[in-house]
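Q: One line per chain: the protein sequences are A and W, in this order. Just so we're aligned, residue 20 is where the first sequence starts under our numbering, counting upward by one. Just so we're aligned, residue 20 is where the second sequence starts under our numbering, counting upward by one. Okay, handing you the structure first.
2 protein chains.
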Amino acid sequence: MSTLASRFDTNPILRPSEVKPSRPDMKIECLLNPGAFRYQNRIGLLLRVAERPVQEDGWVSVPIVDPTSEGGLRIFRCRADDPKLDFSDARVFTYDGKQYLTTLSHLRLAWSTDGRHFVADDKPTLTGQNALQSFGLEDSRVAFIDGRYYLTYTEVSEAGVGVGMTSTADWMQFHHHGMIIPPHNKDCALFEERIDGHYYALHRPSGVGLGGNFIWTARSPDLLHWGDHRCIARTRRNAWDSGRVGAGASPIKTSAGWLAIYHGADDKPRYSLGLLLLDLKDPTKVIARSTKPIMEPEAAYELTGFFGNVVFTNGHVIDGDTVTVYYGASDEVICGATLSIQTLLATLA
Amino acid sequence: MSTLASRFDTNPILRPSEVKPSRPDMKIECLLNPGAFRYQNRIGLLLRVAERPVQEDGWVSVPIVDPTSEGGLRIFRCRADDPKLDFSDARVFTYDGKQYLTTLSHLRLAWSTDGRHFVADDKPTLTGQNALQSFGLEDSRVAFIDGRYYLTYTEVSEAGVGVGMTSTADWMQFHHHGMIIPPHNKDCALFEERIDGHYYALHRPSGVGLGGNFIWTARSPDLLHWGDHRCIARTRRNAWDSGRVGAGASPIKTSAGWLAIYHGADDKPRYSLGLLLLDLKDPTKVIARSTKPIMEPEAAYELTGFFGNVVFTNGHVIDGDTVTVYYGASDEVICGATLSIQTLLATLA
Numbered sequence: 020m021s022t023l024a025s026r027f028d029t030n031p032i033l034r035p036s037e038v039k040p041s042r043p044d045m046k047i048e049c050l051l052n053p054g055a056f057r058y059q060n061r062i063g064l065l066l067r068v069a070e071r072p073v074q075e076d077g078w079v080s081v082p083i084v085d086p087t088s089e090g091g092l093r094i095f096r097c098r099a100d101d102p103k104l105d106f107s108d109a110r111v112f113t114y115d116g117k118q119y120l121t122t123l124s125h126l127r128l129a130w131s132t133d134g135r136h137f138v139a140d141d142k143p144t145l146t147g148q149n150a151l152q153s154f155g156l157e158d159s160r161v162a163f164i165d166g167r168y169y170l171t172y173t174e175v176s177e178a179g180v181g182v183g184m185t186s187t188a189d190w191m192q193f194h195h196h197g198m199i200i201p202p203h204n205k206d207c208a209l210f211e212e213r214i215d216g217h218y219y220a221l222h223r224p225s226g227v228g229l230g231g232n233f234i235w236t237a238r239s240p241d242l243l244h245w246g247d248h249r250c251i252a253r254t255r256r257n258a259w260d261s262g263r264v265g266a267g268a269s270p271i272k273t274s275a276g277w278l279a280i281y282h283g284a285d286d287k288p289r290y291s292l293g294l295l296l297l298d299l300k301d302p303t304k305v306i307a308r309s310t311k312p313i314m315e316p317e318a319a320y321e322l323t324g325f326f327g328n329v330v331f332t333n334g335h336v337i338d339g340d341t342v343t344v345y346y347g348a349s350d351e352v353i354c355g356a357t358l359s360i361q362t363l364l365a366t367l368a
Numbered sequence: 020m021s022t023l024a025s026r027f028d029t030n031p032i033l034r035p036s037e038v039k040p041s042r043p044d045m046k047i048e049c050l051l052n053p054g055a056f057r058y059q060n061r062i063g064l065l066l067r068v069a070e071r072p073v074q075e076d077g078w079v080s081v082p083i084v085d086p087t088s089e090g091g092l093r094i095f096r097c098r099a100d101d102p103k104l105d106f107s108d109a110r111v112f113t114y115d116g117k118q119y120l121t122t123l124s125h126l127r128l129a130w131s132t133d134g135r136h137f138v139a140d141d142k143p144t145l146t147g148q149n150a151l152q153s154f155g156l157e158d159s160r161v162a163f164i165d166g167r168y169y170l171t172y173t174e175v176s177e178a179g180v181g182v183g184m185t186s187t188a189d190w191m192q193f194h195h196h197g198m199i200i201p202p203h204n205k206d207c208a209l210f211e212e213r214i215d216g217h218y219y220a221l222h223r224p225s226g227v228g229l230g231g232n233f234i235w236t237a238r239s240p241d242l243l244h245w246g247d248h249r250c251i252a253r254t255r256r257n258a259w260d261s262g263r264v265g266a267g268a269s270p271i272k273t274s275a276g277w278l279a280i281y282h283g284a285d286d287k288p289r290y291s292l293g294l295l296l297l298d299l300k301d302p303t304k305v306i307a308r309s310t311k312p313i314m315e316p317e318a319a320y321e322l323t324g325f326f327g328n329v330v331f332t333n334g335h336v337i338d339g340d341t342v343t344v345y346y347g348a349s350d351e352v353i354c355g356a357t358l359s360i361q362t363l364l365a366t367l368a
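Structure below.
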């Protein structure tokens, strides 16, 4: 196994069976891709919890956010042999030409005092609430900026897939800022300080025809409104990141530049992690990029699961030279690993 | 023929043969979808001019913006029988797995004193200049805000298709504001005044999987940075706008609401025009929407051409109750028509 990343010997640190479903008629299928942060001497993870209704024989059912239904959730249900049903993709469910997701994701806090043992809250922290979130919230980054936490996550609905933002100072009261980057977009990581007076973000539009799943930067005066979009990292042919690339958590400030851990997938897709080093004064300039992954699916729990061959991170915490990366393995369980920032920088030299 | 729109009896008012190519080795294939505005007692159109290199027997060649080449343009050329060439779509050209456009578009001014007879400038007004514009500029809207013209157009490159913005006060000096809305996005129309202190735009993201070609709103403090994206109009099944919808020029302020002319295409695709009426104080609220088109391809020049069955507008001027719509017909020629705003509003009652 690669020696750059020291995986926790307690991996996986959280499994679906260790978290309570949001309702008795729901079952947690996967825990995915947590945001990570420090708060009051604890480390918090903001998990993505993917649930589906407990299935009955002969029927299939999927959950949809619906503010007009009891509990804000409606279950769409049809006979498994209904000719209008197309179930050819396990993640998506097509009925009478209309698409649904098979699982509904919400965001849930889990807390730890040592960064290794986490206990998840019993209830969801953030759930889909409006028409742009009817298929849920996914893969939240957590950035700490000017004394406030900014959560950027994927909002999913039949209108499209874009980046929503919510902020909080105390993890009790939340303020929703709407969709800050329109479809099709994911993987939005905020820089945790202003650069030359501007806020910056990494984000990942997807092309239709021209373009692809590339990493872009954007600039903002206020974190709410974004412009000056630029493409800084494309996929690379015949490489481990040939199919798609997307930012991880907030870039890490080092004397050499902003160090951004990103995920890349090949055409299989097999998801690995790599690095971008961005200019300290102008993060739209790429100084260096990993030729080889810094971490790839190798452990048993990374090779098989709900969707195997995946290591995917959008959360980390820093302690001196050590970055502790929290990551989703095989789209099913939560894991951790530590890496040395200086050693990572050395791989780019 | 439908009676809502009075087509100019001089249509088409501009044809490719009446405009000078940007270089002697280029040929204009199509004139498309102009922005329209008033300036110093004249009416200006900002045409989209689509050119390709004069083709030689046995070869195919496409133009690419390249600041390092002479004249800022590079011609990519290969044998017509090269096995790496895939020419199955007339608009796109795939060589060795890489996509190019068959034509390169720039934006060019044309001027008129009567709004009916236009003379195009001899040289391009705005051409692709950077990596996000390497496949050109398309379909510019022109909004007049606070004494300045704001041009929003599609920037095309292999990085993706997004919305760029340039402003000018005098049509001589231009200031480029970068890509204001990231891929995949087109059809961005600015509202020409602030509403409750905010600038607003209509825009058209395209979905990958979930979502579609729908009309969205966005809000901005400064026209440069955009947020609070909301989906306000989707395609409608089995209707004339089942395949895609997108905004035309700036919405027209009326006492009944903001009247937005939009294009819709069905699955063929056949492009027609319809209306959205938006709340004056909150343009994210749709008051009414056309059930039938207000204008559809009917005249000979709208039925056949480079790409037939298209009426597409992103430019108009207002004079009292009359809106003069300038439009692209069959992706080849420029036409005009007048419509009564009160009569249009009556179709929504």
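We put the beta carbon where it would ideally sit given N, CA and C, even for glycine.
1) Can you check which of these residues, W/Lys287, W/Ala266, W/Arg289, W/Ser291, is closest to W/Ala279 by C-alpha distance?
2) Could you check which residue in A/Leu170, A/Leu242, A/Trp190 has the C-alpha nearest to that of A/Ile214?
3) For W/Leu209 versus W/Tyr172, is the C-beta spacing smaller than 8 Å?
4) What does a CB cutoff of less than 7 Å around W/Thr198 pick up in its chain, not counting 5 residues either side in sequence?
5) Would you grab the beta carbon distance between W/Gly155 and W/Leu123 for me? Rounded to a whole angstrom, and I think it's under 8 Å.
6) Nearest by alpha-carbon distance to A/Ser163: which of A/Glu212, A/Leu221, A/Thr132 is it?
7) In chain A, which residues lie with their C-beta within 9 Å of the C-beta of W/Asn257?
8) Looking only at its chain, what residues have a beta carbon closer than 6 Å to the beta carbon of W/Lys39, apart from the 5 residues adjacent to it on each side?
9) Quick check on the burial criterion: 16 or more other C-beta atoms within 10 angstroms. Buried or exposed for A/Phe401?
10) Compare the C-beta of A/His282 with all C-beta atoms of chain W and state if any pair is closer than 8 Å.
11) By Cβ distance below 7 Å, which residues in the same chain neighbour A/Phe325 in space, the five residues on each side in sequence not counted?
12) Here's the rule: buried if 16 or more other CB atoms are within 10 angstroms of the residue's CB, otherwise exposed. What is A/Val264?
13) Does DSSP classify A/Ser14 as helix, strand or coil?
14) Using the C-alpha atoms, what's the distance from W/Asn328 back to W/Asp260?
15) Within the 8 Å Cβ cut-off, does W/Ile10 reach chain A?
16) At what residues does the beta strand (DSSP E) containing W/Leu170 begin and finish?
17) By the 9 Å beta-carbon criterion, what residues does the region 193-224 of chain A contribute toward chain W?
18) Would you kindly check if the distance between the Cβ of A/Ala268 and the Cβ of A/Arg160 is under 8 Å?
19) Helix, strand or coil for A/Gln361? Go by DSSP, reduced to three states.
20) Closest by CA to A/Pro53, which one among A/Ser309, A/Ile62, A/Met45?
21) Measuring only the C-alpha atoms, how far is A/Val138 from A/Asp28?
22) Go ahead and label A/Asp286 buried or exposed: buried means 16 or more other beta carbons lie within 10 angstroms of its beta carbon, across all protein chains shown.
23) Just grab the DSSP bridge partners of A/His244 for me.
24) What is the C-beta distance between W/Thr158 and W/Asn333, in whole angstroms, given that I count them as a contact (C-beta under 8 Å)?
25) Please decide whether W/Phe106 counts as near chain A, where near means a Cβ-Cβ distance under 8 Å.
26) So, helix, strand or coil for W/Gln152, using DSSP?
27) Kindly indicate if chain A contains any beta-carbon less than 8 Å away from that of W/Ser153.
28) What is the rounded straight-line gap between the Cα of A/Val344 and the Cα of A/Leu295?
29) Mind reading off the beta-carbon distance from A/His203 to W/Val227? Whole number of angstroms is fine, and I expect it under 8 Å.
30) Return the residue from the list A/Trp130, A/Ala129, A/Leu104 that minimises the CA-CA distance to A/Gln118.
31) Where do the N-terminal and C-terminal ends of the beta strand (DSSP E) with W/Ala307 fall, by residue?
32) Could you pull the start and end residues of the beta strand (DSSP E) that W/Leu375 belongs to?
33) Should W/Asp115 go down as buried or exposed, given a rule of 16 or more other Cβ atoms within 10 Å for buried?
34) If you count every other CB in all the chains shown that lies within 10 Å of the CB of W/Ser291, and 16 or more means buried, which is it?
35) State the start and end residues of the unbroken beta strand (DSSP E) segment that holds W/Gly262.
A: Short version:
1) It is W/Ala266.
2) Of the candidates A/Leu170, A/Leu242, A/Trp190, the residue whose Cα lies closest to the Cα of A/Ile214 is A/Leu242.
3) Here W/Leu209 is not near W/Tyr172, since their CB atoms are 8 Å or more apart.
4) Inspection of the sequence shows that residue 198 of chain W is occupied by Met rather than by Thr. Excluding sequence neighbours, W/Met198 sits near Leu151, Glu174, Gly181, Val182, Gly183.
5) Approximately 5 Å separates the beta-carbon atoms of W/Gly155 and W/Leu123; this is inside 8 Å, confirming the contact.
6) Per the sequence presented here, residue 163 of chain A reads as Phe, with Ser not at that position. For A/Phe163, the nearest C-alpha among the options comes from A/Glu212.
7) Result: empty, since nearest Cβ-Cβ is about 11 Å, beyond 9 Å.
8) Cβ neighbours of W/Lys39 beyond the five flanking positions: Asp141.
9) Only positions 20 to 368 of chain A appear in this structure, which leaves residue 401 of chain A out of reach.
10) Taking Cβ atoms only, chain W never reaches closer than 8 Å to A/His282, which makes this a no.
11) Glu48, Cys49, Ser349, Asp350, Glu351.
12) Buried is the call here.
13) Residue 14 of chain A cannot be examined here, being either before or after the span of chain A that is shown, 20 to 368.
14) Whole-angstrom Cα-Cα distance: 14 Å.
15) Outside the modelled stretch of chain W, which goes from 20 to 368, sits residue 10 of chain W, for which no answer is possible.
16) From DSSP, the beta strand (DSSP E) with W/Leu170 extends over 167-176.
17) Under the 9 Å Cβ criterion, the region 193-224 of chain A contributes His196, Gly197, Met198, Ile199, Ile200, Pro201, Pro202, His203, Asn204, His222, Pro224.
18) Contact flag set, yes.
19) Helix at A/Gln361.
20) Selection A/Ser309, A/Ile62, A/Met45 evaluated against A/Pro53 yields A/Ile62 as nearest (Cα-Cα).
21) If I take the Cα positions, the gap works out to 18 Å.
22) A/Asp286 comes out exposed.
23) Partner(s): none; A/His244 has no beta bridge.
24) Per the sequence shown, residue 158 of chain W should be read as Asp rather than Thr. Sure, about 5 Å apart at Cβ, within 8 Å.
25) Not closer than 8 Å to any Cβ of chain A, the Cβ of W/Phe106 fails to qualify, so no.
26) Looking at W/Gln152 - three-state DSSP - the assignment turns out to be helix.
27) No, W/Ser153 lies away from the interface with chain A (no Cβ there is under 8 Å from its Cβ).
28) Their backbone Cα atoms lie some 16 Å apart in a straight line.
29) Indeed they touch by this definition, with Cβ atoms about 5 Å apart.
30) For A/Gln118, the nearest C-alpha among the options comes from A/Leu104.
31) 305-308 is the span of the beta strand (DSSP E), which, as asked, contains W/Ala307.
32) Any answer about residue 375 of chain W is impossible in this case: the structure gives chain W only from 20 up to 368.
33) Its Cβ having fewer than 16 others within 10 Å, W/Asp115 is exposed.
34) W/Ser291 comes out buried.
35) Counting along the chain, W/Gly262 sits inside no beta strand (DSSP E), nor does DSSP assign it H or E at all.
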